[in-house]
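Structure, as structure tokens:
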Amino acid sequence: MKESVYLIGGRAVGKSSIGVRLARKLGYRFFDTDTLITDECGCSVAEIVARDGWQSFREHEKHVLRQLGLQKSCVVATGGGAILHREQWLELKKLGIVIWLKADTAILRERISGDQNSMGQRPSLTGKDVCQELEDVLTERNPLYRETADFIIDSGKMTVDEIVQAIEQIC
Ligand code: S3P
């Protein structure tokens with residue numbers, strides 16, 4: 001078994017809730033890149049972006065991914081755009097299994113619009129409405145998720161427990 005498990009995928013696919021549950025089952029520590037960033041900055045993603053812009057958020061994200069490369073035996077839920085840091089993934093892929101949690105855009109759109117967390121963690125990436133931009137963002141990023149993942153789980157219609165079980169079998 002490789003050391004760590006990294007969960008990648010679009011906004012609201014469930015990386016954090018699945019990651020917490022999986023870490024508990026595997027007896028691993030759990031990290032969430034957005035939480036590490038907001039702890040480091042002392043404010044929400046929306047506040048970082050409003051104050052310093054996306055470029056600054058991405059710098060924090062890159063730093064956090066670099067630090068996570070030093071941790072062993074952990075489950076990491078990454079932000080939807082963490083996949084953009086290509087050099088970091090070359091390193092992380094040596095340290096663990098990368099799992100792409102995939103779901104239909106319609107399902108993700110519905111979750112984002114009904115999720116209170118979206119206000120602080122998911123400001124618009126393009127200036128468009130967060131739900132409307134989703135399709136374009138995923139079209140651009142899906143090849144990166146695919147290229148990076150060791151395994152893909154089509155998680156849209158599965159429960160959290162079913163997904164955790166599927167990942168346990170992979171590990
Ligand atoms: C982002 C996704 C968010 C958060 C930030 C940027 C993205 O995380 O990192 O708003 O670029 O897709 P979730 O994937 O947990 O929503």
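Numbering of the sequence shown is given in full-length UniProt numbering, commencing with residue 1 and proceeding in unit increments. All C-beta atoms in this analysis are idealised placements derived from N, C-alpha and C, irrespective of residue type, glycine included.
Beta-carbon contacts of residue i that lie in its chain and below 7 Å, excluding the five residues immediately before and after
i      : result
Tyr28  : Ser73, Cys74, Val75
Thr105 : Leu134, Glu135, Leu138
Boundaries (first-last residue) of the beta strand (DSSP E) holding residue i
i      : result
Arg29  : 29-32
Leu101 : 96-102
Leu7   : 4-8
Within 7 Å, strictly: CB atoms of residue i and residue j
i      : j      : result
Tyr145 : Ile8   : yes
Ile97  : Val160 : no
Ile163 : Ile48  : no
Leu22  : Ile167 : yes
Thr16  : Asp32  : In the sequence as displayed, the identity of residue 16 is Ser instead of Thr. The answer is yes: Cβ separation under 7 Å.
Val13  : Ala103 : yes
Leu108 : Gly10  : yes
Gly79  : Asp34  : yes
Ser113 : Cys131 : yes
Ser44  : Gly127 : no
Cβ-heavy atom distance, residue i to ligand 3, below 6 Å
i     : result
Gly96 : Absent from the structure shown: ligand 3. Ligands present: ligand 1.
Cβ-based neighbour list, residue i, same chain, cut-off 8 Å, excluding 5 preceding and 5 following
i      : result
Trp54  : Leu125
Thr148 : Ile8, Ile83, Trp89, Lys93, Val98, Trp100
Gly69  : Gln88, Glu91, Leu92, Leu95
Val64  : Thr33, Leu36, Ile37, Glu40
Beta-carbon proximity list for residue i, same chain, < 6 Å, skipping 5 on both sides
i      : result
Met1   : In this prediction, Met1 has a pLDDT of 48, which is less than 50 and means its spatial position is unreliable; nothing more can be read from the coordinates.
Asp150 : Ile97, Val98
Pro123 : Ala46, Val49
Residue range of the alpha helix (DSSP H) that includes residue i
i      : result
Leu108 : 105-113
Ser73  : That residue, Ser73, is in no alpha helix (DSSP H); it is neither H nor E in DSSP.
Gln116 : Here Gln116 belongs to no alpha helix (DSSP H), and DSSP marks it neither H nor E.
Those residues, in chain order, that have a beta-carbon closer than 5 Å to some heavy atom of ligand 1: The filter returns Arg11, Asp34, Val45, Gly79, Gly80, Gly81, Arg122, in chain order.
Segments assigned alpha helix (DSSP H), at least 4 residues, entirely inside the stretch 124-161: 130-148
3-residue-minimum beta strand (DSSP E) runs that sit fully inside the stretch 11-58, ordered along the chain: 29-32
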